[in-house]
Each structure stands twice: as C-alpha cells, then as structure tokens.
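Numbering of the sequence shown is given in the numbering used here, commencing with residue 45 and proceeding in unit increments.
For each residue, glycine too, the CB sits at the ideal point set by N, CA and C.
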Amino acid sequence: MAKELKDLTPREENYSQWYNDLVVKAGLAENSAVRGCMVIKPYGYAIWEKMQGALDRMFKETGHENAYFPVFIPKSFFSKEAHHVEGFAKECAVVTHYRLKNDPEGKGVVVDPDAKLEEELIVRPTSETIIWNTYKNWIQSYRDLPILCNQWANVVRWEMRTRLFLRTAEFLWQEGHTAHATKEEALEEAKKMIGVYAEFAEKWMSLPVIVGHKSDSERFAGADDTLTIEAMMQDGKALQSGTSHFLGQNFAKAFDVQFTNQEGKLDYVWATSWGVSTRLMGALIMAHSDNNGLVLPPKLAPIQVVMIPIYKGEEELARVVERLEIIASELKKRGVSVKIDSRDNVRTGFKFAEYELKGVPIRLAMGQRDFANGTIEIMRRDTLEKETISQEGIEDRIEKLLDEIQQGIYEKALKFRDSMITRVDTYEEFKDVLDHKGGFILAHWDGTPETEEKIKNETKATIRCIPVDAPEEEGRCIISGKPSHRRVIFARSY
Numbered sequence: 045m046a047k048e049l050k051d052l053t054p055r056e057e058n059y060s061q062w063y064n065d066l067v068v069k070a071g072l073a074e075n076s077a078v079r080g081c082m083v084i085k086p087y088g089y090a091i092w093e094k095m096q097g098a099l100d101r102m103f104k105e106t107g108h109e110n111a112y113f114p115v116f117i118p119k120s121f122f123s124k125e126a127h128h129v130e131g132f133a134k135e136c137a138v139v140t141h142y143r144l145k146n147d148p149e150g151k152g153v154v155v156d157p158d159a160k161l162e163e164e165l166i167v168r169p170t171s172e173t174i175i176w177n178t179y180k181n182w183i184q185s186y187r188d189l190p191i192l193c194n195q196w197a198n199v200v201r202w203e204m205r206t207r208l209f210l211r212t213a214e215f216l217w218q219e220g221h222t223a224h225a226t227k228e229e230a231l232e233e234a235k236k237m238i239g240v241y242a243e244f245a246e247k248w249m250s251l252p253v254i255v256g257h258k259s260d261s262e263r264f265a266g267a268d269d270t271l272t273i274e275a276m277m278q279d280g281k282a283l284q285s286g287t288s289h290f291l292g293q294n295f296a297k298a299f300d301v302q303f304t305n306q307e308g309k310l311d312y313v314w315a316t317s318w319g320v321s322t323r324l325m326g327a328l329i330m331a332h333s334d335n336n337g338l339v340l341p342p343k344l345a346p347i348q349v350v351m352i353p354i355y356k357g358e359e360e361l362a363r364v365v366e367r368l369e370i371i372a373s374e375l376k377k378r379g380v381s382v383k384i385d386s387r388d389n390v391r392t393g394f395k396f397a398e399y400e401l402k403g404v405p406i407r408l409a410m411g412q413r414d415f416a417n418g419t420i421e422i423m424r425r426d427t428l429e430k431e432t433i434s435q436e437g438i439e440d441r442i443e444k445l446l447d448e449i450q451q452g453i454y455e456k457a458l459k460f461r462d463s464m465i466t467r468v469d470t471y472e473e474f475k476d477v478l479d480h481k482g483g484f485i486l487a488h489w490d491g492t493p494e495t496e497e498k499i500k501n502e503t504k505a506t507i508r509c510i511p512v513d514a515p516e517e518e519g520r521c522i523i524s525g526k527p528s529h530r531r532v533i534f535a536r537s538y
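Take a look at the structure:
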C-alpha cells in the first residue's frame, strides 16, 4: 500500500482528521499563507469546474443570465437593511486605505496614513446590497421585470475557526439575485431554485437531501423565508448544502427600488437570492469517501476511467499502450474522460493506490497476458470489486458501469441517510439519540425561539429545517409540552 494511504487516518478513529488528511493527500486543497484561506489545487478545482458547469447549464435552462458585480461594497450600503447588517457585521473585512509607502525607517512598507478612504469599503460577504443599489438604475416599469441574474464569484466572511472547503475566510460560490413584479413570482422563483439545487445534489453529487424551510432564527439575514437542502454526512452530522431566499420587498425598500406596475401605480420590487458554494466539495467528500480515499460520482470525477499498463520492458509497454489508446479513443468519442498512466518511475501498486485515493470511478489494467488473450481487468472504485472481462464491447460495458456506479453511490447514501432519521417524543430520547447515534431527529417543537435556543445551548443541536412535505401531526413540544402541529428536523451540524 502506498505511503499516502498508510498515513490516512481511519474514519472510525478520528473522522475530522480523516477528512483533513483526505483533502490534502488526494490533492484537493491545502492551507495557504493567509490565515483561514485555502489554495484549491488543480484536481480539486477540476471537480469544482464540473459542479460549476452542471449548475451553470441548469441556471441558464431556467432563464438566468450571468453577470458580475464589484467585490467592494460601500459601508453605508450595509446600514440600509437592519437585519442584513446585523447578520454579517461580525464577519466583514473592511478596506480603510488605498495606498502603501516605504517605511521611513527602512522596515519594508507601511500603510500611507494620507491615503485613508472617505468611506470604508466592505469586501463582499454577499452581494444583495450592491446589486439592489444597481437594480435601482435598471428598473422603472413592469416591462423591465423579471431580472434573473447570477454571478460566479468569491466572497469573504472572516471566520475564526476554519476547515478546508467547509468553512474558510474566503470561498467560491454562485449567488443568484432576481427581481419580480409580484410576490407570487418571487415565491415561485425561490421554490424553483431550491428544486434546482436538490436535483443537482441528487443527480450529480449522488447526495440525497431534505428540502425544507429554515426557522426564523436560522434564516438568511434580511429574508422573509429561507429554503434549504440538508444532507447527512457519514459521522451523523448535517450539512446545509444550498439555500434559496424569498427576500420580500426588504431590499427594494432599503434601496428605494420601485416600478410602475400594469395598473400604472408605483410598487416596490419583490426579490430572491440563492446560492451554493465550495462547501459542496466538503459534502461530496464526507458523504461518500472511505478509508481508501475519495469515492467520486462519475458525473463529477475529473478522470472517469484510468488505464494502467502492466509490462516488462519497453516493447511490451508499447504494445499494451497502443491497445489501451484504441479503447481510450472510443471512450472519449462517447464523452468519457480517460487517462492512460504509463509512467515508468513508479510501481503499479503505487498507481493503484493513488487512483483509489483520488476516487477515479473505474480502473482498467492490462498486461501482456491480457493483451494476448483479448481480456482486461476492470475495477470499480465504489465497491472495490474487480473482474477480468473480454476487451470486446468494453466501451459499452464501461458506459453502463459508470451509470451503475453513479446510481449505486446515491442508493448507498440514501440508505444510510434514512437509517439516520429517528423520531422522538421526549427530550430524554432526543438527547440520548444525539449522544449515541446522531443523525436527523424528527421532534415536535412549539415554534418559539426561546425553546429553539434552549435546545441549541444545551445540546448543540439546531433546527435544520421544517420539511416542505412534513405532514400535519398533532403532538407536544419535547421541551415546553405546548401543542405542536408538525415535526421538525434537528441535528448537530457543520
């Protein structure tokens, strides 16, 4: 076994360390010289690019267009929407000066005190304020609506405790910002986009999610309602994986964005915003991977098939590689990403371990005997099952197997997620499940922030969501005993 795998902490021994080891050893990302910020390495960025590509197509299919807005936001903009500034004030990085100068004492450079900005600029933590200030110039009449914009960008939220992909001071994301003539249109937009995220999670990431509403205390700062997709990680903790917000007329009123409606009257515009980030990379790793390394759904794998020649001498290598190139060429015509690893400076066993670590869905190996017999060894990463099969029709077999792996990874995650959902009726049961099993807990809640805060303070569990399909069910709150009309989902989370 390769040294990289020997040094990979087992999941069951220390899940957090296993995650950190895997991100670094699989070549996804590493910590940078800037505290709390990460370097996304080429292999990790290739996965993010596949996520971007799929989501971008889905956004455009639903009528959205990409735009770009400034990374700097005037401080005064944040003062205009009270809930919004309260929600982000503690996380803001602030630019106060615009110039450096040489230190008169010869100690490098210093901030030039004469270059103080008239108004400080906030490095974008989210873009509602700068975008709605811009929309004021774009919107006069109902004929200018709807505006369906998305931007791919970076944002900065000054986190004190960081973890690669899951929580960093700077991260990559997309943020959609839409403007509508009616409340109904905006509500429909928010619902539509959380559906897009759920479809992406399940069909591309092989990640089952629960769609629901956030409680008042957990919703986005400045929103009237927040929809979320919540996923279950293998250690029994939840991960918020995407959100879509109905902003009502809050930002339109804050920035005085009015329009003339079809009746000829002035009205404030209705708004939504929605986003997912590189946190999805963390979800992908924690939901599927194992002690051998990453397990990647084929749709998001940078390399879907790796081919490894086994040989003695250059002549044998040339024959095997020539045959593998014929298979690779046909697969590439079918849209399959393929790599032939003919490096002669590392052992075959090292290559096998390396591609298991990197989560490549299918590995093909061919030696001289396979070449002579017209066979090839095939291994699937998700189950580590391998067999020797005929080279004839191999391309059809691989296409089918990639679909099987994609579906198999989803079904495994779904089975695990469902096994981690527990219904409880008392606070004692609630705490016992949290401490000994984890997962999603369905419990009655009286709807008050006081009860929610008490549970959070005592157990570190939060309301992940009120499921959109939660049935009406009469019960009693596990804390207060007051009437409750449906169960909500609690969990400890990232």
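- Of the candidates His-221, Glu-163 and Ser-76, the residue whose Cα lies closest to the Cα of His-141 is Glu-163.
- Here Ser-321 is buried. Its C-beta has 16 or more other C-beta atoms within 10 Å.
- Shortest Cα-Cα distance from Ser-261 to any of Ala-535, Arg-508, Arg-531 and Ala-197 involves Arg-508.
- Residue pairing of Ala-137 in beta bridges, as defined by DSSP: Val-167.
- One Cα belongs to His-224, the other to Ile-191, and the distance between them is close to 7 Å.
- Three or more beta-carbon pairs drawn from the segment 193-200 and the segment 166-174 are found closer than 8 Å, and the two stretches are therefore classed as touching.
- Judged by pairs of C-beta atoms under 8 Å, the segment 247-260 touches the segment 336-354, as three or more such pairs exist.
- Counting along the chain, the unbroken beta strand (DSSP E) around Ile-406 starts and ends at 406-410.
- DSSP, reduced to helix, strand and coil, places Gly-107 outside both helices and strands of the structure shown, so it counts as coil.
- Bounds of the alpha helix (DSSP H) holding Asp-462 are 438-463.
- Counting every other CB atom within 10 Å of its CB across the protein chains shown gives Gly-411 a total of 16 or more, marking it as buried.
- Between Gly-280 and Lys-69, the CB-CB gap reaches or exceeds 8 Å.
- The Cβ-Cβ distance between Val-350 and Asp-385 falls below 8 Å.
- For Asp-269, DSSP records a beta bridge to Phe-290.
- Between Leu-72 and Trp-62, the C-beta gap is not smaller than 8 Å, which leaves the two residues out of contact.
- Contact check for Gly-319 against Trp-217 passes: the beta carbons are separated by less than 8 Å.
- In the DSSP assignment, His-529 falls outside any alpha helix (DSSP H), carrying neither H nor E.
- Look at Met-325 here: in three-state DSSP terms it is helix.
- The three-state secondary structure of Gly-88, taken from DSSP, is helix.
- By the Cβ-count criterion, Asn-335 is exposed, with fewer than 16 other Cβ atoms from all chains shown falling within 10 Å of its own Cβ.
- Looking only at Glu-125, Lys-151, Leu-144 and Ile-117, the smallest Cα-Cα distance to Cys-136 is reached by Ile-117.
- Within 10 angstroms of the beta-carbon of Val-78 lie fewer than 16 other beta-carbons, which makes it exposed.
- DSSP, read as helix, strand or coil, puts Lys-430 in strand.
- Counting other Cβ atoms within 10 Å of its Cβ, Arg-536 reaches 16 or more and is therefore classed as buried.
- Look at Tyr-312 here: in three-state DSSP terms it is strand.
- Looking from the CA of Glu-125, the closest CA among Thr-173, Pro-493, Asp-158 and Pro-148 belongs to Thr-173.
- Asp-65 sits in a helix when the DSSP states are folded into three classes.
- Scanning Ile-465, Ser-333, Pro-527 and Gly-418 for the CA closest to the CA of Asp-490 turns up Pro-527.
- For Pro-148, there are no CB contacts under 7 Å within the same chain when 5 residues up- and downstream are skipped.
- Within the same chain, Cβ atoms closer than 8 Å to the Cβ of Lys-119 are found at Val-138, Glu-163, Glu-164, Leu-165 and Ile-166, the five residues on either side in sequence being excluded.
- Selection Tyr-186, Asn-194 and Arg-55 evaluated against Phe-113 yields Asn-194 as nearest (Cα-Cα).
- Within the same chain, Thr-506 come within 8 Å of Lys-500 by CB-CB distance, once the 5 residues on both sides are set aside.
- If you draw a straight line from the Cα of Val-365 to the Cα of Glu-439, it is about 16 Å long.
- Rounded to whole angstroms, the separation of the alpha carbons of Thr-178 and Leu-458 is 43 Å.
- Under the three-state reduction of DSSP, Arg-424 is assigned to strand.
- Per the Cβ contact rule, the segment 236-249 is in contact with the segment 84-102 (3 or more Cβ pairs under 8 Å).
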